[in-house]
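Since the structure comes first, as structure tokens, the remarks are kept for the end.
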Amino acid sequence: MSEPRTAQHRRRRSRTALAVGVPLALTAAGAFAYGGDLGVLGSTALQASAATAAAPAWAADTADGFASVDSLGQNGTYGGRGGQIVTVTTQAELEKYATATQPYVIVVAGTIAMNPVGKEIKVQSDKTIVGRGTAGHIVGGGFFLGQGVHNVIIRNLTIRDAYQGVWNDKDHDFDAIQMDGAHHVWIDHNDLRHMADGLIDVRKDSTNVTVSWNKLSDNNKTFGIGWTENVKTDITIHHNWIRETEQRNPSTDNAAHAHLYNNFLEDAPNTSIGSSYGNYSRGSTKMVLENSYFQGVKNPVIKDSGASIVQRGSVFSGTSGRNESGGSAFDPKAYYSYGLDKAADVPGLLRSGAGPRASIGTTAASTRAAAATTLTVAQDGSGQYRTVQAAVNAVPANNPSRVVIAVKPGTYRELVKVPSNKPHVTIQGTGGSRKDTTIVYNNASGTPKPGGGTYGTGGSATVAVEADDFQARNLTISNDFDEKANQNIKDQQAVALRTAADKVFLDGIIVSGDQDTLLLDTASKDRLGRVYVANSYVIGNVDFIFGRATAVVDKSVITLKKRWNGTSAGYIAAPSTAANRKGFLIANSTVNGDVSAGSFHLGRPWHAGGDASLDPQATVRNTSLSNAIKSAPWTDMSGFSWKDDRFAEYKNSGAGAGPASSDRPHLTDAQAANQEVADWLAGWTPSAS
Numbered sequence: 011m012s013e014p015r016t017a018q019h020r021r022r023r024s025r026t027a028l029a030v031g032v033p034l035a036l037t038a039a040g041a042f043a044y045g046g047d048l049g050v051l052g053s054t055a056l057q058a059s060a061a062t063a064a065a066p067a068w069a070a071d072t073a074d075g076f077a078s079v080d081s082l083g084q085n086g087t088y089g090g091r092g093g094q095i096v097t098v099t100t101q102a103e104l105e106k107y108a109t110a111t112q113p114y115v116i117v118v119a120g121t122i123a124m125n126p127v128g129k130e131i132k133v134q135s136d137k138t139i140v141g142r143g144t145a146g147h148i149v150g151g152g153f154f155l156g157q158g159v160h161n162v163i164i165r166n167l168t169i170r171d172a173y174q175g176v177w178n179d180k181d182h183d184f185d186a187i188q189m190d191g192a193h194h195v196w197i198d199h200n201d202l203r204h205m206a207d208g209l210i211d212v213r214k215d216s217t218n219v220t221v222s223w224n225k226l227s228d229n230n231k232t233f234g235i236g237w238t239e240n241v242k243t244d245i246t247i248h249h250n251w252i253r254e255t256e257q258r259n260p261s262t263d264n265a266a267h268a269h270l271y272n273n274f275l276e277d278a279p280n281t282s283i284g285s286s287y288g289n290y291s292r293g294s295t296k297m298v299l300e301n302s303y304f305q306g307v308k309n310p311v312i313k314d315s316g317a318s319i320v321q322r323g324s325v326f327s328g329t330s331g332r333n334e335s336g337g338s339a340f341d342p343k344a345y346y347s348y349g350l351d352k353a354a355d356v357p358g359l360l361r362s363g364a365g366p367r368a369s370i371g372t373t374a375a376s377t378r379a380a381a382a383t384t385l386t387v388a389q390d391g392s393g394q395y396r397t398v399q400a401a402v403n404a405v406p407a408n409n410p411s412r413v414v415i416a417v418k419p420g421t422y423r424e425l426v427k428v429p430s431n432k433p434h435v436t437i438q439g440t441g442g443s444r445k446d447t448t449i450v451y452n453n454a455s456g457t458p459k460p461g462g463g464t465y466g467t468g469g470s471a472t473v474a475v476e477a478d479d480f481q482a483r484n485l486t487i488s489n490d491f492d493e494k495a496n497q498n499i500k501d502q503q504a505v506a507l508r509t510a511a512d513k514v515f516l517d518g519i520i521v522s523g524d525q526d527t528l529l530l531d532t533a534s535k536d537r538l539g540r541v542y543v544a545n546s547y548v549i550g551n552v553d554f555i556f557g558r559a560t561a562v563v564d565k566s567v568i569t570l571k572k573r574w575n576g577t578s579a580g581y582i583a584a585p586s587t588a589a590n591r592k593g594f595l596i597a598n599s600t601v602n603g604d605v606s607a608g609s610f611h612l613g614r615p616w617h618a619g620g621d622a623s624l625d626p627q628a629t630v631r632n633t634s635l636s637n638a639i640k641s642a643p644w645t646d647m648s649g650f651s652w653k654d655d656r657f658a659e660y661k662n663s664g665a666g667a668g669p670a671s672s673d674r675p676h677l678t679d680a681q682a683a684n685q686e687v688a689d690w691l692a693g694w695t696p697s698a699s
């Protein structure tokens, strides 16, 4: 970004509620954000990490697919994580904990026969119900998730044998798992079979559901989705082995987004059970079907006239009848990251990997991810890799779970890029201070590239993050481009860190540069990119927090520095916000630095490329401002008036704060109630991992 040369659905939560959802390590870290030393990490964070590590690894697993998407006030699906872990062997014990209001991780350690037959335990929110090895069986009944129940994981169980002797049973509604109006549910690695009605029923506007790595078999009605006139359900169905079932494989009615991939539908020959149809898109469903395998299935893919199916990459072997597609659907990668196995490999993968496991996480895909859980970097060769980029390169493409790159103390002079197909990456310094581990380089916008041309502002970044769910902590990221020594280079913007992704958490770091230090961007103008910067230092002088992301700088220190020639003049924020999105929120922080009084603006509107449709926004609230801040803290940029955009303050303090005026707008209390941290994060609660 150049300095002019001429001189959706969202649910609000209070700040208190946000703090409840953030781990102790995060909230406690605010206590040392203002320390004189730039960063010895507090012992509280280390103690919290140690406590978490005591739980079984699988207890920290979180859902993928639509169950991982933040909505309806729920940040993904993690079940009873953080609650007490209890082991049950009787129906009474299972009911006690499954129906409780508190979070629990419930381990089913044997066979539980339901009494009466057909009973469905009414599971409440924030529960993980998981079988111990392959021993967890629920016989003659199942689970019911009612209206508003959310954040539930059901894994590694066998749920079976409520069958009442009538194949197309109209008298008994005995399901393995039924949900009516629930949301954020993950059903994973179960064996569901031989029930009186459905194996899985996702009904009545239930949404944000992922069904993965299950074996569904020996049943008439397998998997029904819908029973509503509303087009609301978002569901992901992947890596399921559906075998010897007649109908609803699944039947998907009025689903807003149904993503089916890498499933194996098998109708074995010469048996008493024959398929009537496979994947069915009904009503107004929009379905994307990818890389699945259909063996011997009649009418493998069908759709109603008003429904959509986009098909790609599937294998059809010995199938007959209708195989339909048509209409427009959606791009699943606009909602979450995922990786596809080859369709030809699916039968083998699921025969060996679907259903309960002796140890959760032993499928081929999860084994690959587990092997790369922690990667170590050390310049002296004592780690697995000598450079940070080498460790990033080793992360599997489309990794489904967190990979921590632990970087030992040292100065790593290199460029680092985390590409969009490598989500869930954490880069973490292992030293006692965030100053101990530094990633640094010195490209500027106008620096010549080896192959010709120049890097441009975005391309100058020392660290570039294009992958969702990225975290960085306890390190320094710097661009030490020497402006004084490179006066021959016209464009001297030099980015230390660029993010162009969603759910980026920068916790306890230093980001240091001069002009354009921290570029908080999005993958594209129409994509949401939320960034939470906490307990950190951001250092620079000209537009050094800029971009179009929806970003919060919270409990941090913004340090103003002089320009290369010793003068004091600059701008902190240069938002480039798209219309109808939130821009920058600086809250609960400190602005200071060794610069002249009245020499810095809080910010100015960056209409990137002269785009008049943008609506830049910056709010600075509950922040201590040094006397470096001008009494008229906002200013115009490149012909665009700041007064036409969204700039405001609220309850700031310090010598640089000032009363409301036409040159210094303040929010009212009512306006400020809608401009809190939780409003910016829109249902995402950042948590250290």
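Taking the numbering used here, I'd label the letters of the sequence shown as residues 11 to 699. Note that CB positions come from ideal geometry on N, CA and C, so glycine has one too. Quantities reported herein were computed from a predicted structural model and do not represent experimental measurements.
- Just so you know, the alpha carbons of Ala108 and Lys180 end up roughly 28 Å apart.
- Rounded to whole angstroms, Asp171 and Thr262 show a C-alpha spacing of 25 Å.
- In the displayed model, Tyr422 falls within a strand according to three-state DSSP.
- Per DSSP, the unbroken beta strand (DSSP E) holding Pro585 starts and ends at Gly580 to Pro585.
- Rounded to whole angstroms, the Cβ separation of Val687 and Ser636 is 23 Å, and the two are not in contact under 8 Å.
- The beta-bridge partner set that DSSP reports for Tyr660 consists of Arg631.
- When DSSP reads this structure, Val687 sits in no beta bridge, so it has no partner.
- Under the DSSP definition of a beta bridge, Arg674 partners with Ser671.
- In this structure, the beta-carbon distance from Tyr271 to Asn301 falls below 9 Å.
- Apart from the 5 residues on each side of it in sequence, Gly191 sits with its Cβ closer than 7 Å to the Cβ of Gly156, Gln157, Gly158, Lys214, Asp215 and Ser216 in its chain, given in chain order.
- Between the segment 417 to 432 and the segment 442 to 461 there are three or more inter-stretch CB-CB distances shorter than 8 Å, so the stretches are counted as touching.
- In the DSSP assignment, Arg203 forms a beta bridge with Arg170 and Ser227.
- Under DSSP, Met189 takes part in a beta bridge, and its partners are Leu155 and Val212.
- Counting other Cβ atoms within 10 Å of its Cβ, Val387 reaches 16 or more and is therefore classed as buried.
- Note on geometry: alpha-carbon atoms of Ile197 and Gly580 lie some 53 Å from one another.
- Under the three-state reduction of DSSP output, Glu105 falls in the helix class.
- Within a 10 Å sphere around the beta-carbon of Pro260 sit 16 or more other beta-carbons, which makes this residue buried.
- Take the alpha-carbon of Asp679 and the one of Arg367: they are about 54 Å apart.
- Between Arg203 and Thr168, the C-beta gap is smaller than 9 Å, which places the two residues in contact.
- According to DSSP, residue pairing for Phe515 in a beta bridge involves Gln481 and Tyr542.
- A contact between stretches requires three or more CB pairs, one per stretch, nearer than 8 Å, and the segment 547 to 561 meets this requirement with the segment 515 to 533.
- Apart from sequence neighbours up to five positions away, the residues of its chain that approach Ile639 with a beta-carbon distance below 7 Å are Val601, Phe610, Leu612 and Gly666, ordered along the chain.
- Asp263: not part of any alpha helix (DSSP H); member of the beta strand (DSSP E) spanning Ser261 to Asp263, first to last residue.
- Less than 9 Å divides the Cβ of Thr633 from the Cβ of Ala597.
- One Cα belongs to Ala339, the other to Asp604, and the distance between them is close to 55 Å.
- A contact is defined here as three or more CB-CB pairs under 8 Å, and the segment 398 to 411 fails this definition with respect to the segment 313 to 320.
- For Asp531, the enclosing beta strand (DSSP E) has its first and last residue at Leu528 to Asp531.
- Taking a C-beta distance under 9 Å as the contact criterion, Ala511 and Asn489 do not qualify as a contact pair.
- By a beta-carbon distance limit of 8 Å, Thr329 contacts Pro310. Their separation comes to about 5 Å.
- In the structure shown, the three-state DSSP call for Asp621 is coil.
- Annotation for Gln399: the continuous alpha helix (DSSP H) segment containing it runs Val398 to Ala404.
- Shown here, Arg253 sits in a strand according to DSSP, grouped into three states.
- Ile163 sits close to Val195, with the two beta carbons spaced by under 9 Å.
- Of all alpha-carbon atoms in Asn551, Lys592, Ile582 and Gly557, the one lying nearest the alpha-carbon of Gly576 is that of Asn551.
- Two segments are said to touch when three or more pairs of C-beta atoms, one from each, lie closer than 8 Å; by this definition the segment 73 to 81 does not touch the segment 97 to 105.
- In this chain, Val356 is not harboured by any beta strand (DSSP E); it is covered by the alpha helix (DSSP H) spanning Val356 to Gly363.
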